[in-house]
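Per the working numbering, residue 16 is the first one in the sequence shown, and the count goes up by one each step.
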Amino acid sequence: MTAAKKILALCGGVGGAKLALGLSHILGNDELTIVVNTGDDFDHLGMRICPDIDTVTYTLAGIVNPETGWGRADETGSFMEALDTLGGEDWFYLGDKDLALHVARTHRLGAGQSLSQITESIAKRLSIGPRILPMSDDPVATMVETKTGTLAFQHYFVRERCEPKVTGFYFDGIDNAKPHPDLLALLADQALDSVIICPSNPFVSIDPILSLAGVREALRDCPAPIIAVSPIVGGKAVKGPTAKMMTELDLAPTSVEVLKRYRDLLDGFVLDERDLDDLEQIKSLVAHVDVRDTLMLTLDHKKTLARAIIEFSAGCQ
Ligand code: FO1
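Here you go:
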């Protein structure tokens, strides 16, 4: 029998959730904790919406919409149709089943439960094994600075379809938000085997987690190897605006630039096999490099990549 592992994954929405799903298949339930960005969270139509937590939850429960990567599979749209008829705000799509989660969460928050308690109880109801942990129980809101003004994240991402040109980001509430205590405890745990930064957007998915008070310091002091998986494949983001944001910020849309965001923290970096042009430069920036097919189109791909990453991280000490 092999010894139990202790793996911490830091994750945003769709891309990160794919690797989290792979990890959940090859690790035991108690071996994996997934800390999720909450900077995308917002209040909408009187409800608290937590897109990245919900994407990870639905993905691990096997009920995510396979076409979008967010929301639920086999969804219906009666609520949106009725809302539209009444002239309600319909730019943010809320399927009927998905709606139940937002209503339940908002109700429980109003009754005084914390986001992490609610997330844990919903995960249990959906028979999810690994622990899904919001980065913080305190509200943090990612704000996108653009050439045409500052936008709340979902307004930029969904309502404006990522069209405005990005000039910067900040995280409203970050100074008053405490990282979830279990995140700090895990980072200080001598038994932790590795920290995996999932292939998520470095600016709006991972940076909010790293910007919480004490998290960067805890990562620097963490005894376990820290590795990041590039969200860039073939010079493009698999999904979402990562590459577009990089270009607008005058950064080349490459894995090298992603690596530079975390360079002070990393022991290892996983580069996609389509980005071999970056290999030499990456080798000069980080101690350990692994080259893989990171596209994760099927469950088998997700499991294969997850297994390879666990093995790679074990050699990054
Ligand atoms: N993304 C969209 O592009 N359009 C939507 O209407 C939309 C609705 C939505 C509802 C619930 C949810 O959990 C996620 C939703 N997303 C939608 C995805 C989400 O806003 C983004 O993928 C993330 O915030 C970026 O990680």
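Where a beta carbon is used, it is the ideal one built from N, C-alpha and C, also for glycine.
Computed from a prediction, not measured in an experiment: that's the story for all the values here.
inquiry  = Give me the pocket residues for ligand 1, defined as CB within less than 5 Å of any heavy atom, sorted by chain position.
reply    = Gly28, Asp55, Pro66, Asp69, Trp85, Phe107, Tyr108 and Val173
message = From the DSSP secondary-structure annotation, give me the bridge partner or partners of isoleucine 242.
response = Residue mapping note: residue 242 aligns to position 227 of the sequence shown, counting from 1. Ile211 and Gly283, per the DSSP bridge assignment.
task = Report the residue ranges of all beta strand (DSSP E) runs contained in full by the region 113-153; include only those spanning at least 3 residues, in chain order.
result = Listed in chain order, they are 146-149.
ask   = Name the DSSP beta bridge partners of arginine 235, please?
value = Translated into the one-based positions of the sequence shown, residue 235 becomes position 220. Arginine 235 pairs with nothing; no bridge assigned.
task = List the whole-angstrom C-beta distance separating proline 268 from lysine 251, where the pair is believed to meet the contact cut-off of C-beta under 8 Å.
result = Counted from its first residue, the sequence shown places residue 268 at position 253. Counted from its first residue, the sequence shown places residue 251 at position 236. Yes, proline 268 and lysine 251 are in contact; Cβ-Cβ is about 7 Å, under 8 Å.
Run of the beta strand (DSSP E) containing isoleucine 64, from where it starts to where it stops = What you label residue 64 is simply residue 49 of the sequence shown in a count that begins at 1. Element bounds for isoleucine 64: 62-64.
query = For phenylalanine 186, which three-state DSSP category applies?
reply = For the purposes of this step, residue 186 is taken as residue 171 along the sequence shown, with counting starting at 1. Strand.
query = Could you give the distance in angstroms between the alpha-carbon of leucine 36 and the alpha-carbon of aspartate 315?
reply = For the purposes of this step, residue 36 is taken as the residue at position 21 of the sequence shown. For the purposes of this step, residue 315 is taken as the residue at position 300 of the sequence shown. Distance between the alpha carbons of leucine 36 and aspartate 315 is about 11 Å.
query = Excluding the five sequence neighbours on either side, which residues of its own chain have a C-beta within less than 6 Å of the C-beta of threonine 165, listed in chain order?
reply = Here the question's residue 165 lines up with position 150 in the sequence shown. Excluding positions up to five away in sequence, the list reads Met158.
task = Alpha carbon to alpha carbon, how far is aspartate 282 from glutamate 135? Give it in angstroms, no decimals.
result = Locating residue 135 in the sequence shown gives position 120, where the first residue counts as 1. Locating residue 282 in the sequence shown gives position 267, where the first residue counts as 1. Computed Cα separation, rounded: 30 Å.
query = Ends of the beta strand (DSSP E) at threonine 48?
reply = Position 33 of the sequence shown, counted from the first residue, corresponds to residue 48. Start and end: 47-51.
key: Closest by C-alpha distance to valine 248, when choosing among Leu198, Ser226 and Arg307   = The sequence position of residue 248 within the sequence shown is 233, counting from 1. Here the closest residue by C-alpha is Arg307.
key: Pick from Asp293, Tyr277 and Gly127 that is closest to isoleucine 224, judged by C-alpha positions   = Within the sequence shown, the letter at position 209 stands for residue 224. Isoleucine 224 has its Cα closest to that of Tyr277, out of Asp293, Tyr277 and Gly127.
query = leucine 207 and alanine 233: beta carbons closer than 7 Å?
reply = For the purposes of this step, residue 207 is taken as residue 192 along the sequence shown, with counting starting at 1. For the purposes of this step, residue 233 is taken as residue 218 along the sequence shown, with counting starting at 1. Going by C-beta atoms, leucine 207 is not nearer than 7 Å to alanine 233.
request  = Output the distance between the C-alpha atoms of proline 179 and threonine 161, rounded to the nearest integer angstrom.
outcome  = For the purposes of this step, residue 179 is taken as residue 164 along the sequence shown, with counting starting at 1. For the purposes of this step, residue 161 is taken as residue 146 along the sequence shown, with counting starting at 1. Taking the straight line from one Cα to the other gives about 6 Å.
request  = Please classify lysine 317: is it buried, with 16 or more other beta-carbons within 10 angstroms of its beta-carbon, or exposed?
outcome  = Looking up residue 317 in the sequence shown gives position 302. Buried: at least 16 other Cβ atoms inside 10 Å.
request  = From the DSSP output, read off the bridge partner residues of leucine 276.
outcome  = The sequence position of residue 276 within the sequence shown is 261, counting from 1. Here residue 276 turns out to be arginine, not leucine, going by the sequence shown. Bridge partners of arginine 276: none, in fact.
task = List the DSSP bridge partners of methionine 158.
result = On the sequence shown, residue 158 is found 143 positions in, with the first residue counted as 1. Methionine 158 is bridged to Ala167 and Tyr185.
task = Could you spell out the range, first to last residue, of the beta strand (DSSP E) harbouring valine 304?
result = In the sequence shown, the residue the question calls residue 304 occupies position 289. Where valine 304 is concerned, the enclosing beta strand (DSSP E) stretches over 303-307.
task = Give me whichever residues DSSP pairs with alanine 203 in a beta bridge.
result = One-based indexing of the sequence shown puts residue 203 at position 188. Answer is none; alanine 203 lacks a bridge partner.
message = Quick check on this structure: which residue in Ala321, Lys254, Thr262 and His303 has the alpha carbon closest to the alpha carbon of glycine 30?
response = In the sequence shown, the residue the question calls residue 30 occupies position 15. The option with the nearest alpha carbon to glycine 30 is Lys254.
query = Are three or more beta carbon pairs between the region 256-270 and the region 56-69 nearer than 8 Å?
reply = no
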